[in-house]
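Participant: Quick one: structure below, then a few questions.
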C-alpha cells in the first residue's frame with residue numbers, strides 16, 4: 001500500500017479551508033490554532049503509519065523534534081501513542097496558556113541536529129515546522145532517520161521559504177529579501193521578529209528538501225501539507241512548487 005493511500009481521503013478542500021480559518025487565531029488564540037493543527041497532525045501521522053503497516057500506531061513511540069509547549073503531546077498521548085518531545089528553547093516549552101499547558105508525555109531539552117537518543121530507538125520521528133528554523137535542516141533530517149527504527153516512519157514537514165507563509169510574522173515582506181524584511185519589521189515594531197532571518201529563520205526551498213530526501217533512499221512520499229489532494233501535483237513542478245507549496249511534507253521509511 002502507498003504511504004498516502006488513507007490520508008488522501010482526508011485531504012479535501014474543506015479540510016484545507018478549515019485549517020486556513022484556524023490560522024487566523026495563531027496569535028490571538030493559540031489554543032484554538034495549535035489544538036486544531038495538533039489534531040490534524042495526529043490524523044496525518046496515523047494514516048501514514050496505517051497505510052504502511054496495516055494497523056494504527058497504538059502503543060508505538062513517537063519522537064517529536066521541536067515539540068514546543070505540549071499541544072502535540074496532548075494530542076498524541078490522547079491517541080495512545082507514547083510521546084517524547086525534544087525542544088531546545090525553554091521559552092517554547094512554557095509558551096502555552098496555563099489552562100492548556102498539560103505535560104503529557106516526556107520532554108527533553110536538546111537540539112534536533114544532535115538528538116540524545118540511540119540509533120533505531122523510536123518507531124516514529126516527527127518534525128513539524130522546524131526545519132526552516134535551523135541552519136542545517138538536512139542534518140536534522142539525518143538525525144531523524146538515525147533514531148528511527150528500520151521499517152518505521154519519519155515525517156519531516158516544513159514551511160517553504162518562497163511560499164506565502166515563508167516570512168512567518170513578517171508576512172509577504174519576505175519577498176523583499178529576508179534581511180530587509182526582518183529589518184523592516186524591527187523598525188515598525190521596535191524589536192526583532194521572533195523568526196529573525198539568518199538566526200532563527202532560514203530560506204529552505206522545496207527543491208532542497210526533495211533532493212535531500214531522494215538521496216537518502218528512504219523517501220516514500222512527498223506532498224503539500226495543507227492542500228487538497230487534487231493540488232498535490234504542484235510538488236512535482238519545479239519553480240511553481242516554491243511559490244505554491246506552502247508547506248512540504250517528506251515521508252521517509254528507513255530500511
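Residue numbers (full-length UniProt numbering): 1 to 255.
Backbone N, C-alpha and C fix where the C-beta goes; we use that ideal spot for every residue, glycine too.
Computed from a predicted model, the values in this text were never measured in an experiment.
1. Hey, could you find the ends of the alpha helix (DSSP H) residue 45 is sitting in?
2. What does DSSP give as the partner residues of residue 85 in its beta bridges?
3. Short of 8 angstroms in beta carbon distance, which residues of its chain neighbour residue 97, apart from the five on each side in sequence? Order them along the chain.
4. Can you find at least 3 beta carbon pairs, one from the segment 211–218 and one from the segment 166–186, that sit closer than 8 angstroms?
5. By Cβ distance below 8 angstroms, which residues in the same chain neighbour residue 99 in space, the five residues on each side in sequence not counted?
6. Quick one: what does DSSP say residue 171 is sitting in, helix, strand or coil?
7. When DSSP builds the beta bridges, which residues end up paired with residue 247?
8. Counting beta carbon pairs with one atom in the segment 153–170 and one in the segment 79–89, are three or more of them shorter than 8 angstroms?
9. When DSSP builds the beta bridges, which residues end up paired with residue 224?
10. Leaving out five residues on either side along the sequence, give the residues of the same chain with a beta carbon under 6 angstroms from the beta carbon of residue 84.
11. Just curious, the alpha helix (DSSP H) that residue 279 is in, first and last residue?
12. Take residue 219 and list the residues in its own chain whose beta-carbon comes closer than 6 angstroms to its own, dropping the five residues that flank it on each side.
13. Grab me the residues of residue 217's own chain with a C-beta within less than 8 angstroms of its C-beta, minus the 5 sequence neighbours each way, in chain order.
14. If you count every other CB in all the chains shown that lies within 10 Å of the CB of residue 196, and 16 or more means buried, which is it?
15. Roughly how many angstroms separate the alpha carbons of residue 248 and residue 241, rounded to a whole number?
16. Nearest to residue 58 by alpha carbon, out of 133, 238 and 124?
17. Taking residue 127 as part of the beta strand (DSSP E), name the residues at either end of that continuous run.
18. Helix, strand or coil, according to DSSP, for residue 6 in the structure here?
Facilitator: Taking the definition as stated:
1. In the chain shown, residue 45 corresponds to position 45, counting from 1. Segment 30–53, the alpha helix (DSSP H) holding residue 45.
2. As a working note, residue 85 is residue 85 in the chain shown. 64 and 107, per the DSSP bridge assignment.
3. The residue given as residue 97 occupies position 97 in the chain shown. Model confidence at residue 97 stands at a pLDDT of 45, short of 50, so the residue's coordinates are unreliable; what they give is reported in the following sentence. Contacts found: 30 and 31.
4. no
5. For the purposes of this step, residue 99 is taken as the residue at position 99 of the chain shown. The pLDDT assigned to residue 99 is 43, lower than 50, so where the model puts this residue is not dependable, and the model offers no usable value.
6. As a first step, residue 171 must be located in the chain shown, where it is residue number 171. Residue 171: helix per DSSP, three-state reduction.
7. For this step, residue 247 is matched to residue 247 along the chain shown. 159, per the DSSP bridge assignment.
8. no
9. To locate residue 224, count along the chain shown from 1; it is residue 224. Paired residues: 248.
10. Counted from its first residue, the chain shown places residue 84 at position 84. Excluding sequence neighbours, residue 84 sits near 63 and 106.
11. No answer is possible for residue 279: the residues shown for the chain start at 1 and end at 255.
12. Here residue 219 is taken as the residue at index 219 of the chain shown, counted from 1. Closer than 6 angstroms at the Cβ level, and outside the excluded window around residue 219, lie 213 and 252.
13. Position 217 of the chain shown, counted from the start, is the residue given in the question as residue 217. Contacts found: 255.
14. Within the chain shown, the letter at position 196 stands for residue 196. Residue 196 comes out buried.
15. In the chain shown, residue 248 corresponds to position 248, counting from 1. In the chain shown, residue 241 corresponds to position 241, counting from 1. Approximately 9 angstroms, taken between the alpha carbons.
16. In the chain shown, residue 58 corresponds to position 58, counting from 1. Among 133, 238 and 124, the Cα nearest to that of residue 58 is on 124.
17. Along the chain shown, one-based indexing puts residue 127 at 127. Residue 127 -> beta strand (DSSP E) spans 122–128.
18. Within the chain shown, numbered from 1, the residue matching residue 6 stands at position 6. Here residue 6 sits in coil by DSSP.
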